[in-house]
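Read top to bottom, the protein sequences are chains A and B. One rule links them: number in our numbering = place in the first sequence (from 1) + 1. One rule links them: number in our numbering = place in the second sequence (from 1) + 11. Don't be surprised by glycine CBs; every beta carbon is placed ideally from N, CA and C. Worksheet: one structure, shown below.
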Amino acid sequence: MTRASGVWLSRGLVLACLGLLAGGVLAVREILSGGLAVTGLNRPAFWGLMESSFLFLAGLGTSATFLGALMRLTGRGPLRAGMRAAARRADAVAVACLAGASAGLMLHLGRPWLFYRVILNATPSSPLFWDMCFVTACGLLSALSLLGVGRTGSGLLERSAAVGAAAIYAAAHSIVWWRHPPVPSLPGGSTLFGPWIAPGAIAAAACAVALASASAWKGTRPVFLARAGAAVAAVALAMLFVERWRGLSARLTHPPMAYNAGSYTPGQDEWMIVAAEAAAAILAARALIWWDRRRDRPAVNGRTAHRQETSHALIP
Amino acid sequence: MAQWGMVIDLDRCNGCSACVVACAAENNIPVAGEQEAAKGRAISWLRIERHLEGTWPDLNARFIPVLCQHCDDAPCVPVCPVSATYEQAEGLNAQVYARCIGVRFCANACPYTVRSFNYSEPEWPASYRNLLNPDVVVRERGQIEKCTFCVQRIRRGKDAARDAGLPLRDGDIQPACAQSCPTQAIVFGDRDDPASKVSVSARDPRAFRLLEEYGAHPRVTYLRAGHRGGTGEST
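Dropping the structure here:
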């Protein structure tokens, strides 16, 4: 592909994403004016595509935050520069995904314009309260890391933020998951998911970061990509096994529920909003990475660059 | 302070649905229409579950009126992120409509599926609009609603007793469903008063509670149908 055709392809992708975003805005307007009835959500299937997309994007985003924190904490010696560059990409992915997740979280409510009451009438026993805290905390930590908070001096603040992100991630998938389920008679099974989901989410986040860093793949040895792909496939198979085993054990240990899930067909509005969320995430991640790389450029005309230590050779 | 409770004698219930109609009229429950009902969006605070036993022609139908059980350990209360549902001092499981943001966690957590979500703005046929009960707020789109044990009647009964300078007597307060039941299958009253009808009925050997295994400790007690030896008239 020539450089000129690549530019046009890139412009076409951006235009397509902007078109999806415009459609998503119209769909949001229709849901706000018509309520959740326009989405095809029926009783008793209370969860729709927006809630599912929230779970997907929140899992991806928070895992990217965790991944970024791990890379900041473990990057030492010759790997330091590459790890920090990868961590910034992870933070960009996290911020973009968590913004989409927040939209899904709010729009699946019956009265989304009253979401602020989750803060005013904070009820820590509710899973939704923890959803909000988890997404906000991870989003803020990633945004602050991306902005370079604590980059100067000893880096204590940066490391503290990374430790905090790791601790929040671990707590959300263990204590919060167990203590605050949406069905109190069935402990465990919070909307935040249990510890077994973490490896899969982290693997998915690693893939997302790798995709978002496609421009850094130059010079990557094919054998490394093959090994990474095999590792992701192994995690996916392990997750599949654990989920099957959980489903079987749940049937044996829990009494059957008093009701069956009802039918649900996502409406066009919901599909449009999810597509717009994906487009927004792609655009935001690309924009953040572009902005971050722009900051890495060496000093020109006497202006001081923010960082000189970055290397894009994040993968050996 | 009274501790409200209800007893439903399944031996007396003949499934006439008078309680359902009375509940809808008393509590301004919107009319969903055929299409919305087919989508499962009809709102009902009280439903009659029909269970068929045997095969034709030896068929026997049993009816169970199911309404909010006003559980002592209600699963719907802790999951609400805005405290729109809470347990009152008198044991009622109250719902603050104005505070509800429509998360639907409570409806998901309720093992009795007695909470309804307003998918659309409430509608009534034109001839019904002047018949709405001014004591009960009309819920709007995006809110969850459910049985309140006719809390407006409880308040009115207590106010009337206070104004008259008399103590509240057993039977002074009747929810719409209990008042309309032609077979008097539904009894409502103070569980803390050992002489009240509801306390006496709850001590019946036929007494049981729905889905007790979930540990929600419901305040509605049912009397089993078709079992001789109880205090009720059995078949």
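Simplified DSSP state of residue 42/B, which is helix, strand or coil: If you number the second sequence from 1, residue 42/B lands on position 31. Here residue 42/B sits in coil by DSSP.
Alpha carbon of residue 315/A to alpha carbon of residue 84/A, nearest angstrom: For this step, residue 315/A is matched to residue 314 along the first sequence. For this step, residue 84/A is matched to residue 83 along the first sequence. Note that residue 315/A scores 39 on pLDDT, short of 50, meaning its location in the model is unreliable; the coordinates nonetheless yield the value given after this. Those two C-alpha atoms are separated by around 6 Å.
Length of the line joining the Cα atoms of residue 171/A and residue 239/A: Here residue 171/A refers to the residue found at position 170 of the first sequence. Here residue 239/A refers to the residue found at position 238 of the first sequence. Computed Cα separation, rounded: 20 Å.
Burial state of residue 129/B, where buried means 16 or more other Cβ atoms lie within 10 Å: Sequence index remark: in the second sequence, residue 129/B carries index 118 (1-based). Residue 129/B comes out buried.
Give me the subset of the segment 111–133 of chain B whose CB atoms are less than 8 Å from a CB atom of chain A, sorted by chain position. 111, 112, 113, 114, 115, 116, 118, 119, 120, 122, 123, 124, 127, 128, 129, 130, 131, 132
Against chain A, which members of the segment 74–104 of chain B pass a CB distance test of less than 7 Å? 86, 89, 90, 91, 92, 93, 94
Under the three-state reduction of DSSP, which class applies to residue 259/A: helix, strand or coil? On the first sequence, residue 259/A is found 258 positions in, with the first residue counted as 1. Reliability of the predicted coordinates at residue 259/A is poor, the pLDDT of 41 falling under 50, and the value obtained from them is presented with this limitation in mind. Residue 259/A falls in the coil class under three-state DSSP.
Among the candidates 174/B, 188/B, 141/B, 175/B, whose CA atom is the shortest distance from the CA of residue 162/B? Along the second sequence, one-based indexing puts residue 162/B at 151. The residue with the shortest Cα to Cα distance from residue 162/B is 188/B.
I'd like to check one pair, residue 229/B with residue 184/A: are the Cβ atoms closer than 8 Å? As a working note, residue 184/A is residue 183 in the first sequence. As a working note, residue 229/B is residue 218 in the second sequence. No, these two residues do not count as a Cβ contact at 8 Å.
The segment 143–168 of chain B: which residues have C-beta closer than 9 Å to a C-beta of chain A, in chain order? 151, 152, 153, 154, 155
Residue interval of the beta strand (DSSP E) (run including residue 141/B): Counting from one through the second sequence, the residue named residue 141/B turns up at place 130. Residue 141/B -> no beta strand (DSSP E), and no H or E assigned at all.
Kindly say whether residue 183/A, judged by its beta-carbon, lies nearer than 8 Å to any beta-carbon of chain B. Here the question's residue 183/A lines up with position 182 in the first sequence. It does: the Cβ of residue 183/A has a partner Cβ on chain B nearer than 8 Å.
Which residues in chain A sit within 8 Å of residue 52/B, going by Cβ to Cβ distance? Sequence index remark: in the second sequence, residue 52/B carries index 41 (1-based). Residues of chain A passing the Cβ test: 38, 43, 44.
Could you tell me whether the Cβ of residue 118/A comes closer than 8 Å to any Cβ of chain B? In the first sequence, counting from the first residue as 1, residue 118/A sits at position 117. Taking Cβ atoms only, chain B reaches closer than 8 Å to residue 118/A, which makes this a yes.
Pairwise C-alpha distance: residue 124/B and residue 95/A: One-based indexing of the first sequence puts residue 95/A at position 94. One-based indexing of the second sequence puts residue 124/B at position 113. Computed Cα separation, rounded: 37 Å.
Spatial neighbours of residue 144/A within its chain, please: C-beta separation below 6 Å, excluding the five flanking residues on both sides. For the purposes of this step, residue 144/A is taken as the residue at position 143 of the first sequence. Closer than 6 Å at Cβ, skipping near neighbours: 96.
Name the residue from 149/A, 111/A, 48/A, 127/A whose alpha carbon lies nearest to the alpha carbon of residue 155/B. Translated into positions along the second sequence, residue 155/B becomes position 144. Closest by alpha carbon: 111/A.
Beta-carbon proximity check, residue 147/A vs residue 27/A, cutoff 8 Å: Here residue 147/A refers to the residue found at position 146 when the first sequence is read from its first residue. Here residue 27/A refers to the residue found at position 26 when the first sequence is read from its first residue. Cβ distance not < 8 Å, so residue 147/A and residue 27/A don't count as in contact.
Figure out for me which residue from 118/A, 73/A, 65/A has the closest Cα to the Cα of residue 94/B. In the second sequence, counting from the first residue as 1, residue 94/B sits at position 83. The residue with the shortest Cα to Cα distance from residue 94/B is 118/A.
For the structure I just gave you, are there three or more beta carbon pairs, one from the segment 200–211 of chain A and one from the segment 64–71 of chain A, closer than 8 Å? yes
With a threshold of 8 Å, are at least 3 pairs of Cβ atoms found where one atom belongs to the segment 48–62 of chain B and the other to the segment 217–227 of chain B? no
Looking only at C-alpha atoms, which of 111/B, 51/B, 81/B sits nearest to residue 247/B? Lying before the first or after the last residue shown, residue 247/B is absent from chain B, which here runs from 12 to 246.
Buried versus exposed, by CB contacts within 10 Å (16 or more), residue 176/A: The count along the first sequence starts at 1 and reaches residue 176/A at position 175. Per the 10 Å Cβ criterion, exposed.
Check whether the Cβ atoms of residue 271/A and residue 50/A sit closer than 8 Å, and answer yes or no. By one-based count along the first sequence, residue 271/A stands at place 270. By one-based count along the first sequence, residue 50/A stands at place 49. Yes, the pair counts as a contact, with Cβ atoms nearer than the cut-off.
For a quick check, are the C-beta atoms of residue 116/B and residue 79/B less than 8 Å apart? As a first step, residue 116/B must be located in the second sequence, where it is residue number 105. As a first step, residue 79/B must be located in the second sequence, where it is residue number 68. For residue 116/B and residue 79/B, no; Cβs fall outside 8 Å.
Considering only the alpha carbon of each residue, which of 22/B, 43/B, 19/B lies closest to residue 132/B? The count along the second sequence starts at 1 and reaches residue 132/B at position 121. Per the Cα distances, 43/B.
Does the beta-carbon distance from residue 274/A to residue 25/A come in below 8 Å? Start at 1 with the first residue of the first sequence, and residue 274/A comes out as number 273. Start at 1 with the first residue of the first sequence, and residue 25/A comes out as number 24. Contact flag set, yes.
Is it buried or exposed, residue 52/A, if we count other Cβ atoms within 10 angstroms and call 16 or more buried? Working through the first sequence from its first residue, we reach residue 52/A at position 51. When all chains shown are included, residue 52/A counts as buried.
For residue 24/B, the nearest candidate out of 231/B, 192/B, 214/B, 209/B (CA to CA): Numbered from 1 along the second sequence, position 13 holds the residue referred to as residue 24/B. Cα-wise, what sits closest to residue 24/B is 192/B.
Cutting at 6 Å between CB atoms, please list the residues of its own chain near residue 60/A, excluding the five before and the five after it. Within the first sequence, the letter at position 59 stands for residue 60/A. Same-chain partners within the cutoff: 202.
Closer than 8 Å, CB to CB, is residue 115/A near chain B or not? Walking along the first sequence from the start, residue 115/A turns up at place 114. Residue 115/A counts as touching chain B.
Express the C-alpha separation of residue 13/B and residue 170/B in angstroms, rounding to a whole number. Translated into positions along the second sequence, residue 170/B becomes position 159. Translated into positions along the second sequence, residue 13/B becomes position 2. For residue 170/B and residue 13/B, the distance between alpha carbons rounds to 14 Å.
According to DSSP, is residue 57/B part of a helix, a strand, or is it coil? Counting from 1 along the second sequence, the entry for residue 57/B is found at position 46. Strand, per DSSP.
Please list, in chain order, the chain B residues whose beta carbon lies closer than 7 Å to that of residue 130/A. Your numbering for residue 130/A matches position 129 in the first sequence. Under the 7 Å cutoff, chain B gives 92.
Quick check on this structure: which residue in 234/A, 20/A, 293/A, 107/A has the alpha carbon closest to the alpha carbon of residue 214/A? Position 213 of the first sequence holds residue 214/A. That would be 293/A, whose Cα lies nearest to the Cα of residue 214/A.
Terminal residues of the continuous alpha helix (DSSP H) containing residue 190/B? The count along the second sequence starts at 1 and reaches residue 190/B at position 179. Run containing residue 190/B: 187–191, per the alpha helix (DSSP H) assignment.
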